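**Q** I'd like to ask some things about the structure below.
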Amino acid sequence: GEVCNMINKKYSEFLPSMQSAEDLVSQVEGLSSNIDLLKAGIENEVQRDLNVAVTEFTELKQQLERDTLVLSILKKLQEFDTAIKEYNTALLEKKYVVAAQQLEKARSSLKTLESRKGFELKILKALGTELTVQTQNMLYHLGEEWQKLAVWKLPPSKESSSPESVMHSELHLCTLPSKEEEIAGPPVASVLQAFAVLGELRTKVKIFGQLLLKYILKPLISYPSLQPFIEEQPDVVILRFKSEEHNLDHSSPVEVFDKIKFTLEVLHKYVLNVPVEQCVEDKKECRVTLAELLGDMIWEELSDCLIQNCLVNSIPTNSSKLGQYIEVIKSTEEFEKALKNIQFLKGDTTDLLKYARNVNSHFANKKCQDVIVAARNLMTSEIHNTVKITPDSCVALPKLPDPGSGDHLKTQKTSKLLPNEMVNLENETKLSQYTFSLPTCRISSSVEKLMELAYQTLLEATASTDQCCIQLFYSVRNIFQLFYDVVPTYHKENLQKLPQLAAIHHNNCMYIAHHLLTMGHQFRYRLTNILCDGAATFVDLVPGFRRLGMECFLAQMRVQKGEILERLSSARNFSNMDDEENYCAANKAIRQVLHQLKRLGKVWQDVLPVNVYCKAMGTLLNTVLSEIVTRVAALEDISAEDADRLYSLCRTMVEEGPQVFTPLPEEEKNKKYQEEVPVYVQKWMTFKELMILLQANLQEIVDQWADGKGPLAAEFSPAEVRSLIRALFQNTERRAAALAKIK
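In the working numbering, the protein residues as written are 923 to 1665.
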């Protein structure tokens, strides 16, 4: 202040007085030093005070923040406390929704408290425990209320589920209060809404839904005799069953839908038509009802059960009944509409309705499945029950429709198959009626039935919709592919062990192959339009079946051949027949082999086609003769007695061998085949020549050889004949001369 005054004073004097510049300079220097002092003062004292102030300010700010936090925590604690108090009051007054909301408020306060970092209050743990206890308490009260609303009386759990045990199921529903009481909100609604607030409603509804399915809805679907009915009492309605006579195994869908609809409508009237969430005042639409919640939970299972145990059984099994199915589709639509009215169902066209509308495809699937199941049963049935087929046999079939006419088929036994008439093939070549005929033989009756099934199914295909026709056609192809895979494996052991079954199986395969040749051809008009050109055929399966039959039979032939050689191996090489023991062994071996052939001749009799029979028996008899010839030709020394005994063994074979050929049961008809044995037995003449050798002298042998042009030369090589001469005759000049001629 002083300084300023001084300056002012001096300045005001200065102007008028115009003092000298020296005065002014000295004044300024004095002032300047004053300023320096002042500056030093500021730097030392004022700055220090400022720093102190800032520090104080920061501390105060932190203090304030701490206080605010403590205050907010106290506030939350107070909120928690208030919520618990109000919850208790509401619970006593049975205001369940309010009580539940207060509990949730307390829960959110506690959550906020727990989220505060660095504020681990001991009290929080105690509050958490308190909240859990109160929630359990509330759930207990709600549970008690819920149980009064819907009471189940169930059959003892030990009992198996049968219509009788299910009859004991009852559901008692507490009826809604009268209008006056409703002001406070119906108890059902408040109980449910309180459950919803606490997040426990789904669990409760789920348990209820499962009981409803198990004890009421599913039995109504499964047991046609059960009828639901209700009994009304003053403040309770009882839903239970009565039993009615029902002569069918399955109820019609229409009946089942009515029962389920009745049951759900009763439930809707007394329990399900209740909102499960509190509603904002001005919006009435926002209410989700219990029906909707329950529907969400059980509809899928209920609809599956309706499809599997009701609609599946109602799918017709033949195409003529498909027209009437429209009724079922209609009733399915109505059933869904009714369930939508009570809000049990939300969306449109559920799986149930799709299933019903898709009847054509299900018809085809069911038909195909039935066909395959039937076919499989036939394939796994006994092979040895046989039927005889002759060139004139036909598969018994309904009359085939005229090409292009879709008229319904009248079943009558006619044979529209190829034998017995001239066959007119595409290229107009006339074939004899027996070109495609089968030789007389026996096949399994199951295979004949299988063929009927195949024709029957193709016939059904020609009268069906395109999609169905294609499916049925392929299921017939599947029958044959299945046969190819199943039969050889399923009957494997028997086909190996039992020669008769191997023969029948051989015939079965040939019979199937025979029919496959012409099968597609007979249905070509209808099938070719739908299946791409030429696909309506089975010809491609023919070689596989022929091979299947042949392989099985040839395997059996190998087994038999093995047994023959095994038996002959005990004949001690047919050497030293003058030794009694050796002769007995050889004789026994021949007897056993003849016995084996005789038995085979019997089991294949009337089974194999005659030509196959003769070839097979001829091959096996040939094995025997061929083996004997090889053994005898290899002997180095044959005494006269040996030769006689060998001859008598061979004579047994020549006399009794042909008698094993008995292709037909009528004895007198077999003579013809027994006389033709040389045709089927390759080594027959060789064997006869061997017998001549065993009895002949040297000259006769030379004559039989006739310079390599005689009958002996036709059957044996020069080396074999020379070896036999050396074995049979002593070393003399006559022998040497004879040997010289064999070349």
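Glycine included, every Cβ here is placed at the ideal spot set by N, Cα and C. Note that the structure is predicted; figures quoted are calculated from it, not measured.
Once the 5 residues before and after Cys1536 are set aside, which same chain residues still bring their CB inside 7 Å of it?
**A** The residues are Phe1583, Pro1585, Tyr1595, Tyr1602.
**Q** If you follow the alpha helix (DSSP H) that Glu1122 is in, where does it begin and where does it stop?
**A** Unbroken run through Glu1122: none, as it is neither H nor E.
**Q** Report the rounded CA-to-CA distance for Ala1508 versus Met1301, giving the unit in angstroms.
**A** The straight-line gap from Cα to Cα measures roughly 45 Å.
**Q** Can you tell me the Cα-Cα spacing of Gln1265 and Ile1229, whole angstroms?
**A** Roughly 21 Å between the two C-alpha positions.
**Q** When the distance is taken between beta carbons, is Ser1497 closer than 9 Å to Ala1511?
**A** Cβ distance not < 9 Å, so Ala1511 and Ser1497 don't count as in contact.
**Q** For Leu1035 versus Leu999, is the C-beta spacing smaller than 9 Å?
**A** It is a contact, given that the beta carbons lie within the stated cut-off.
**Q** Expressed to the nearest angstrom, what Euclidean distance is found between the alpha-carbon atoms of Leu1322 and Ser1236?
**A** For Leu1322, the predicted structure reports a pLDDT of 45, less than 50, and the residue's modelled location is therefore unreliable. A value from the coordinates is still provided. Cα-Cα distance, rounded: 28 Å.
**Q** Taking 9 Å as the threshold (C-beta atoms), are Leu1013 and Ala1005 in contact?
**A** For Ala1005 and Leu1013, no; Cβs fall outside 9 Å.
**Q** I need the boundaries of the beta strand (DSSP E) containing Ile1152, first residue and last residue.
**A** Looking at the DSSP string, the run of the beta strand (DSSP E) that includes Ile1152 is 1148-1155.
**Q** Using the three-state DSSP reduction, which class does Arg1038 fall into: helix, strand or coil?
**A** Three-state DSSP puts Arg1038 in coil, outside helix and strand.
**Q** Within 10 Å of its beta-carbon, does Lys1665 have 16 or more other beta-carbons around it, so buried, or fewer, so exposed?
**A** Label assigned to Lys1665: exposed.
**Q** Kindly list the residues whose CB is nearer than 7 Å to the CB of Val1624, restricted to its own chain and excluding five residues on each side of it in sequence; keep chain order.
**A** Excluding residues within five positions, the ones whose Cβ falls inside 7 Å are Ala1660, Lys1663.
**Q** From Ser1129 to Ala1072, what does the alpha carbon distance come to, in whole angstroms?
**A** According to the sequence shown, residue 1129 is Ile rather than Ser. If I take the Cα positions, the gap works out to 12 Å.
**Q** For Gly1466 versus His1427, is the C-beta spacing smaller than 9 Å?
**A** It is not a contact, given that the beta carbons lie outside the stated cut-off.
**Q** Considering only DSSP beta bridges, list what Pro1197 is partnered with.
**A** Bridge partners of Pro1197: Thr1211.
**Q** Taking the straight line between their C-alpha atoms, what separation do you get for Pro1156 and Lys1044?
**A** Their Cα atoms are separated by approximately 55 Å.
**Q** CA-CA distance, Leu991 and Ala1048?
**A** Looking at the two C-alpha atoms, the distance is approximately 21 Å.
**Q** Can you give me the Cβ contacts of His1330 inside the same chain, cut-off strictly under 8 Å, excluding the 5 residues immediately before and after it?
**A** Caution is warranted here: a pLDDT of 37 is assigned to His1330, below 50, making its placement in the model unreliable, and no coordinate value can be reported.
**Q** Quick check: the stretch 1293-1313 against the stretch 1241-1255, are there 3 or more CB pairs under 8 Å?
**A** Short answer: they don't touch.
**Q** Kindly list the residues whose CB is nearer than 7 Å to the CB of Leu1646, restricted to its own chain and excluding five residues on each side of it in sequence; keep chain order.
**A** The residues are Ala1555, Leu1615.
**Q** Report yes if the CB atom of Cys1474 is closer than 9 Å to the CB atom of Ala1538, and no otherwise.
**A** It is not a contact, given that the beta carbons lie outside the stated cut-off.
**Q** With 16 as the cutoff for other CB atoms within 10 Å, does Asn1435 come out buried or exposed?
**A** Checking the sequence, you will find Ala at residue 1435 rather than Asn. Answer is buried; the Cβ neighbour count reaches 16.
**Q** Use the C-beta contact count for Cys1506: other C-beta atoms within 10 angstroms, 16 or more gives buried, fewer gives exposed.
**A** By the neighbour-count rule (16 or more Cβ atoms within 10 Å), Cys1506 is not buried but exposed.
**Q** Can you name the start and end residues of the alpha helix (DSSP H) that Glu1485 belongs to?
**A** Looking at the DSSP string, the run of the alpha helix (DSSP H) that includes Glu1485 is 1464-1490.
**Q** Does DSSP put His1190 in a helix, a strand or coil?
**A** Of the three classes helix, strand and coil, the one that applies to His1190 here is helix, per DSSP.
**Q** Using the three-state DSSP reduction, which class does Thr1308 fall into: helix, strand or coil?
**A** Reduced to three states, the DSSP call for Thr1308 is strand.
**Q** Between Ser1144, Arg1279, Asn1263, Asn1240, which lies nearest to Lys1252 when the distance is taken from Cα to Cα?
**A** When only C-alpha atoms are compared, the closest one is Arg1279.
**Q** How about Gly1579 and Val1546: are their beta carbons less than 9 Å apart?
**A** Result yes, Cβ atoms of Gly1579 and Val1546 sit closer than 9 Å.
**Q** Start and end of the alpha helix (DSSP H) containing Val1295?
**A** Unbroken alpha helix (DSSP H) run through Val1295: 1281-1301.
**Q** Quick one: complete alpha helix (DSSP H) runs, 4+ long, within the stretch 1584-1626?
**A** You should have 1589-1597, 1599-1602, 1606-1617.
**Q** Can you check which of these residues, Gln984, Val1019, Thr1051, is closest to Phe1002 by C-alpha distance?
**A** Checked all of Gln984, Val1019, Thr1051; the closest Cα to Phe1002 is Thr1051.
**Q** Out of curiosity, what's the CA-to-CA distance linking Ala1493 and Glu1503?
**A** Roughly 10 Å between the two C-alpha positions.
**Q** Could you tell me the distance, in whole angstroms, from the CA atom of Leu1134 to the CA atom of Ser1087?
**A** For Leu1134 and Ser1087, the distance between alpha carbons rounds to 15 Å.
**Q** Alpha carbon to alpha carbon, how far is Ser1165 from Pro1721? Give it in angstroms, no decimals.
**A** Absent from the model: residue 1721. The displayed extent of the chain is 923 to 1665, so no value can be given.
**Q** Can you tell me whether DSSP reads Leu1568 as helix, strand or coil?
**A** DSSP places Leu1568 in helix when its eight states are reduced to three.
**Q** How would you label Pro1150, buried or exposed, when you count the other beta carbons within 10 angstroms and need 16 or more for buried?
**A** That one is buried.
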